[in-house]
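Trainee: Line by line, the protein sequences give chains G and C. Straight run, no breaks: the first sequence in this note's numbering ends on number 118. Straight run, no breaks: the second sequence in this note's numbering ends on number 258.
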Amino acid sequence: NAGVTQTPKFRILKIGQSMTLQCAQDMNHNYMYWYRQDPGMGLKLIYYSVGAGITDKGEVPNGYNVSRSTTEDFPLRLELAAPSQTSVYFCASRPQGGVSAKNIQYFGAGTRLSVL
Amino acid sequence: TQLLEQSPQFLSIQEGENLTVYCNSSSVFSSLQWYRQEPGEGPVLLVTVVTGGEVKKLKRLTFQFGDARKDSSLHITAAQPGDTGLYLCAGSTDSWGKFQFGAGTQVVVTP
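(1) At the level of alpha carbons, what is the spacing between T148/C and V62/G?
(2) Verify the CB distance criterion: does E188/C have a CB-CB separation below 8 Å to chain G?
(3) Which one of V90/G, V117/G, Y49/G, R79/G has the shortest CA to CA distance from G110/G?
(4) Can the beta-carbon of S172/C be found closer than 8 Å to that of E152/C?
(5) Which residues of chain C have a Cβ atom closer than 9 Å to the Cβ of R70/G, listed in chain order?
(6) Determine, using beta carbons only, whether V255/C comes closer than 8 Å to chain G.
(7) Classify F92/G: buried if its beta carbon has 16 or more other beta carbons within 10 angstroms, exposed otherwise.
(8) Please check the pair V256/C and T231/C, which I expect to be a contact at CB under 8 Å, by giving their CB distance rounded to whole angstroms.
(9) Grab me the residues of E164/C's own chain with a C-beta within less than 7 Å of its C-beta, minus the 5 sequence neighbours each way, in chain order.
(10) So is L23/G in contact with chain C if we call contact Cβ pairs under 8 Å?
(11) At a cut of 8 Å, does the segment 71 to 85 of chain G reach the segment 7 to 23 of chain G through at least three beta carbon pairs?
(12) Does the distance from the CB of A237/C to the CB of Q247/C come in under 8 Å?
(13) Between which two residues does the beta strand (DSSP E) harbouring K203/C extend?
(14) On the premise that L235/C lies in contact with Y169/C, defined as a C-beta separation below 8 Å, what is that separation, rounded to the nearest angstrom?
(15) According to DSSP, is S102/G part of a helix, a strand, or is it coil?
Written as C-alpha cells, this is what we have:
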C-alpha cells in the first residue's frame, strides 16, 4: 500500500552542494512528474517522464536534472544548490493514457528542502 | 505568469455554512482537476472534469466546468471542520497530463 514514496522528507543544503531527491512508485505507472511548491504560488512542473528512458522539461527545469532508468524510480538531481531552490518538492505518478476521471494522479508526501 | 487564477485566496467560515471557490483562466483546457492538500502532505485528487458545462457531485461538494472550459467552481454545502485544507485547481491542455496549477484557496472551517 505504498503508492508514491519520496525520500528524504526534509533536507538542508548549503549553497553549491548537490543532492538527489528520490521518488519511487509501486503502481506500475508509466507517467511520472516532479513539481515544486512555493508559498502562495501553487505547484510548478519541473520535469516529467512518460516511460523508462523518456524525460522532458516542464515549466521550471533550470537547475535540475532527471533520469528514468526504470518504471518505478524517477530521481531529481540538484547539481549546484541555490537559495532559489528552497521549496517543497512533490513527485507524482499516473497510469498511461489521456487525462480522464478514471486516470488518477497520485502524489507523494513531499520533500522539504532549504538551501542556506 | 499564473495561467489559473483562484479566488478567494483565503476563506474562513463557520461549520454549517456554504462556500464557493473559483478557478478562472483565459486559456481553454481539455481537462481540469480539483485537489485538496493538507499540511505536510501531497495534494489528493477530488475530481476531474473534461466536458464543458459538466457538473459533478461528490457528497457535499459540487464541481462545475464552464461551458467554454476556461473556468471552474467548487461549492461546498454545509461545510465541516474536516473540509479545512488548501484547495487547488489544475488545468491541462495536452494528453501527457502536464497540469498548470492555481495558487490555491486556503479554507478554514471552524466548529
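Even glycine gets a Cβ: it sits at the ideal position worked out from N, Cα and C. These figures come from a predicted structure and were not determined experimentally.
Mentor: Reading off the structure:
(1) Its pLDDT being 49, under 50, T148/C is placed unreliably by the model, and nothing is read from it.
(2) yes
(3) Ranked by Cα distance from G110/G, the first of V90/G, V117/G, Y49/G, R79/G is V90/G.
(4) Judged by beta-carbon spacing, E152/C lies within the 8 Å limit of S172/C, meaning their Cβ atoms are closer than that value.
(5) Simply none; closest approach about 14 Å.
(6) no
(7) buried
(8) Contact flag correct, Cβ pair sits at about 5 Å.
(9) A226.
(10) Contact with chain C is absent for L23/G, since none of that chain's Cβ atoms lies less than 8 Å from the residue's Cβ.
(11) yes
(12) yes
(13) 202 to 205
(14) Y169/C to L235/C, Cβ: 13 Å. No contact.
(15) coil
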